[in-house]
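*Asks:* In the numbering used here, the protein residues as written are 209 to 468.
Glycine included, each C-beta is placed from N, C-alpha and C at the ideal position.
Values in this document were obtained by computation on a predicted structure and should not be read as measured data.
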Amino acid sequence: MKSEVKVGLLFFASILAVITFVYYLGLINPFASEKRLTVVYSFAGGIEVGSPVRVMGIKVGKVKEITFDPLTRVAEGEDPENKLRVVITVSDDAWNSIREDSKFYINLAGVIGEKFLEVSPGSAEAPALKNGQIVRGEDPPRIDQLISQSYGLAGKILEIVENNKGDVIDTIKLLNKLVRDFDKALTQLDRISKRDDLAQLVDNAVGLTGDLRHFTGKLRTPEGEKTIKLLHELLWRLKELDKAAIKEFLQKEGIKAKLF
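In structure tokens form, the structure reads like this:
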């Protein structure tokens, strides 16, 4: 076999091996059927071309293109602003899971892992997206802004403390005094609870409540209700009597009393 043929076969085998390796890595797949979406962000958080796209944690595509668009409007009436247009691909298997109410997040795989675009599946009642449709993504939090705001907040707190140093000290002293007084009150209550007369008072109160419970229980019986009714009628009859009538009654009975 000629050397030229050997070189050609070796070159062809190398190209085939590279294509196979790239195919298994998922960088290219000429047989895959997929659709595209354009996700608009104001801040992409480090996402790059080639970053994976995941639905429910499963890789279903990747970021194909990132472009700057200064006059992007996602919805009607929205003010134009500088935005990033991130073009992603989604396989046909996962396409039906993505709806108009789906959310598009930029997440981080682990602490120092790669960035990826996570798509939350929408509800079954929401309309399906169209191939090539433009949707709005959820901007990731900016760590630099959070750190800057935390520094500003800490500075304001220190300024308030410095300007009201006397009030802060007085408040701390007042809280300390309240704690001491509360501790004294608890100690006093503990001492009182150990006294015999207090224990006797508690026992008497328990007995009294038991007697009241027994008495009220008797009043709820039919005999108790009859007694209450009779007392009520007697009181209404006595109300109609006056002093003269009572005196006349006593004189008729031969009783001379100097009650009136």
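Please tell me whether, using a cut-off of 7 Å, the distance from the CB of Leu-382 to the nearest non-hydrogen atom of the ligand GDP is below it.
*Replies:* The ligand GDP is not part of this structure, which contains no ligands at all.
*Asks:* DSSP beta-bridge partners for Ser-328?
*Replies:* For Ser-328, which the question treats as bridged, DSSP gives the partners Lys-311.
*Asks:* Taking the alpha carbon of Leu-325 as the reference point, which residue from Gly-269, Phe-390, Ser-241 has its own alpha carbon closest?
*Replies:* Among Gly-269, Phe-390, Ser-241, the Cα nearest to that of Leu-325 belongs to Gly-269.
*Asks:* Would you kindly work out how many angstroms separate the C-alpha atoms of Val-261 and Lys-364, rounded to a whole number?
*Replies:* Answer to the nearest angstrom: the Cα atoms are 41 Å apart.
*Asks:* Around the C-beta of Val-257, are 16 or more other C-beta atoms found within 10 angstroms, so that it is buried, or is it exposed?
*Replies:* So Val-257 counts as exposed.
*Asks:* Quick one: using the 10 Å Cβ neighbour count with 16 as the cut-off for buried, is Tyr-359 buried or exposed?
*Replies:* Counting Cβ neighbours within 10 Å, Tyr-359 comes out exposed, since fewer than 16 surround it.
*Asks:* So for Pro-349, helix, strand or coil by DSSP?
*Replies:* In this structure, Pro-349 counts as coil in the three-state DSSP scheme.
*Asks:* Taking the beta strand (DSSP E) that Leu-337 belongs to, which residues open and close that run?
*Replies:* First-last for Leu-337: undefined, no H or E at that position.
*Asks:* Using only the alpha-carbon positions, how far apart do Asp-300 and Lys-291 sit?
*Replies:* Rounded to whole angstroms, Asp-300 to Lys-291 spans 27 Å at the Cα level.
*Asks:* Can you tell me whether Phe-312 is buried or exposed? The criterion is at least 16 other CB atoms within 10 Å of its CB, across all chains shown.
*Replies:* Result: buried.
*Asks:* Assuming the contact rule is C-beta atoms closer than 8 Å, Gly-432 and Lys-426 should be a hit. Round their C-beta distance to whole Å, please.
*Replies:* With a Cβ gap of about 5 Å, Gly-432 and Lys-426 count as contacting.
*Asks:* Please classify Ile-266: is it buried, with 16 or more other beta-carbons within 10 angstroms of its beta-carbon, or exposed?
*Replies:* Exposed is the call here.
*Asks:* Could you tell me the alpha carbon to alpha carbon distance between Leu-442 and Thr-435, rounded to whole angstroms?
*Replies:* Each residue's Cα considered, the two are about 11 Å apart.
*Asks:* Tell me the residue span of the beta strand (DSSP E) that contains Val-248.
*Replies:* From DSSP, the beta strand (DSSP E) with Val-248 extends over 242-249.
*Asks:* How would you call Thr-246, buried or exposed, if buried means at least 16 neighbouring beta carbons within 10 angstroms?
*Replies:* Answer is buried; the Cβ neighbour count reaches 16.
*Asks:* Considering only their Cβ atoms, is the gap separating Val-294 from Val-271 smaller than 8 Å?
*Replies:* Yes; because the gap between Cβ atoms is below 8 Å, this pair is in contact.
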